[in-house]
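Student:
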Amino acid sequence: MEARENNFKSIVTNENRLDIPFFQRHYTWNEEHWERLFDDLYDSFINNTTHFVGSVILKRNGGNDNFAIVIDGQQRLTTFSILLKVLHDKIDESKRKHFENYLFETYKDDSPKINHSKMDRENYIDFLKVDFPKIPFVESKGLFLQFSALGNSLITLHSLKEQDLPPIGEPLYKDTANKDLKISKITYAKDTKELFINKSLYFEKVESSVWEYKIGGYQVLDKYLKSHKDEAIDFEYFQKIIQTLHKSLEIEREIAKISFI
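Per the working numbering, the very first residue in the sequence shown carries number 117; after that it's consecutive.
(1) So who's on the other strand from Arg-133, going by DSSP bridges?
(2) Quick check: the segment 159-168 against the segment 195-207, are at least 3 beta-carbon pairs closer than 8 Å?
(3) Given a threshold of 16 other Cβ atoms within 10 Å of its Cβ, counted over all protein chains shown, does Pro-228 qualify as buried or as exposed?
(4) Hey, Ile-302 and Lys-330: beta-carbon distance below 9 Å or not?
(5) Please classify Lys-277 as buried or exposed, where buried requires at least 16 neighbouring CB atoms within 10 angstroms.
(6) Relative to the alpha-carbon of Asn-130, which residue among Ile-185, Asp-307, Pro-137 and Asp-346 has its alpha-carbon at the smallest distance?
(7) From this set, Glu-328, Tyr-318, Asn-239 and Asp-346, which residue's C-alpha is nearest Thr-292's C-alpha?
(8) Skipping 5 residues on each side, what residues in its chain have a beta carbon closer than 6 Å to that of Leu-297?
(9) Bridge partners for Gln-335 per DSSP, in chain order?
(10) Kindly indicate which residue of Glu-368, Ile-127 and Lys-363 has the alpha-carbon position closest to the one of Thr-194.
(11) Where Lys-363 and Pro-282 are concerned, what is the direct C-alpha to C-alpha distance, given to the nearest angstrom?
(12) Going by C-alpha distance, which of Gln-191, Arg-369, Asp-155 and Phe-243 is nearest Leu-134?
(13) Under the three-state reduction of DSSP, which class applies to Lys-250: helix, strand or coil?
(14) I'd like the list of long-range same chain contacts for Ile-136, defined as Cβ closer than 6 Å, with 5 residues on each side in sequence excluded.
(15) Starting from Ala-305, trace the beta strand (DSSP E) both ways and give me its first and last residue.
(16) Classify Ala-293 as helix, strand or coil using the three-state DSSP reduction.
(17) What residues are listed by DSSP as bridge partners for Glu-310?
(18) By DSSP's criteria, Ile-299 is part of a beta bridge. Which residues make up the other side?
(19) Within 10 Å of its beta-carbon, does Leu-337 have 16 or more other beta-carbons around it, so buried, or fewer, so exposed?
(20) Quick one: give me the first and last residue of the beta strand (DSSP E) that Tyr-318 is part of.
(21) Hey, Ile-358 and Ile-313: beta-carbon distance below 9 Å or not?
(22) Count the other CB atoms, across all protein chains shown, that sit within 10 Å of the CB of Asp-165; report buried if there are 16 or more and exposed otherwise.
(23) Ser-325: which of Ser-316, Glu-310 and Lys-315 sits nearest, CA to CA?
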């Protein structure tokens with residue numbers, strides 16, 4: 117039996133398989149534990165230091181140096197393997213083989229490197245079979261930080277907390293004698309960039325890309341107006357949505373300029 121401070125890569129490459137014995141508690145980590153681990157990983161990445169998983173106690177099985185029982189550390193090892201599986205599915209297929217060596221036994225492609233006890237085995241195997249959507253990865257730390265900053269800007273925008281917004285979407289009336297506030301007839305005039313919510317009241321300088329902007333499959337402005345039909349419009353709030361979507365498109369264009377792997 118041995119206890120050692122090491123990184124995840126060294127542990128899983130030194131063992132062909134890691135067995136979780138039946139007397140170990142089942143996997144219990146939750147979002148709080150994951151967040152703490154991911155924060156540690158992020159700090160290691162930013163500071164260019166090696167991240168250690170902590171104390172992992174292994175017991176060699178019957179003299180076979182490539183087969184060990186995990187006495188302590190299975191929560192962390194399992195979490196790392198889950199994270200690795202997600203990363204595996206989000207990169208190009210040409211780069212996946214390297215990750216697979218840390219997830220599956222060397223000579224058994226469908227056998228997990230971590231062999232859980234009966235309590236967690238089925239769920240863990242099912243998880244490894246799931247395919248997660250692929251996303252592009254940036255090619256350097258500098259680009260990653262740039263990408264991360266732009267992503268955080270989008271989060272701030274979509275929570276409607278951004279103060280520095282473009283001066284667009286001002287509410288105006290075609291007929292100043294008819295100052296109807298009710299959302300009744302929704303019409304977008306692409307040539308004049310005017311978004312009408314009734315016969316008289318409209319919002320100016322609404323680009324077609326803003327009008328067509330979708331989140332989760334829904335056209336944001338159209339969805340909002342239809343959800344509040346026959347209600348009085350909240351000028352300030354709706355204008356802020358228009359401005360937010362406009363700036364979101366600007367940020368997304370900046371993200372599109374970043375080189376990905």
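Ideal Cβ placement from N, Cα and C applies to all residues, glycine included.
Tutor: Per the coordinate set shown:
(1) Phe-183
(2) no
(3) Buried, because 16 or more other Cβ atoms sit within 10 Å of the Cβ of Pro-228.
(4) no
(5) Classification for Lys-277: exposed.
(6) Ile-185
(7) Tyr-318
(8) Ala-348 and Ile-349
(9) Gln-335 is bridged to Lys-330.
(10) Ile-127
(11) 7 Å
(12) Gln-191
(13) Reliability fails at Lys-250, whose pLDDT of 47 lies under 50, so the model's placement of it is uncertain and the value that follows must be treated cautiously. Here Lys-250 sits in coil by DSSP.
(14) Excluding sequence neighbours, Ile-136 sits near Val-186, Gln-190, His-232 and Ser-233.
(15) Where Ala-305 is concerned, the enclosing beta strand (DSSP E) stretches over 303-305.
(16) coil
(17) Ala-305
(18) Its beta-bridge partners do not exist; DSSP assigns none.
(19) buried
(20) Looking at the DSSP string, the run of the beta strand (DSSP E) that includes Tyr-318 is 317-319.
(21) Ile-313 is positioned such that its CB atom lies no closer than 9 Å to that of Ile-358.
(22) In the sequence under discussion, the amino acid at residue 165 is Thr, which differs from the Asp named in the question. Exposed.
(23) Glu-310
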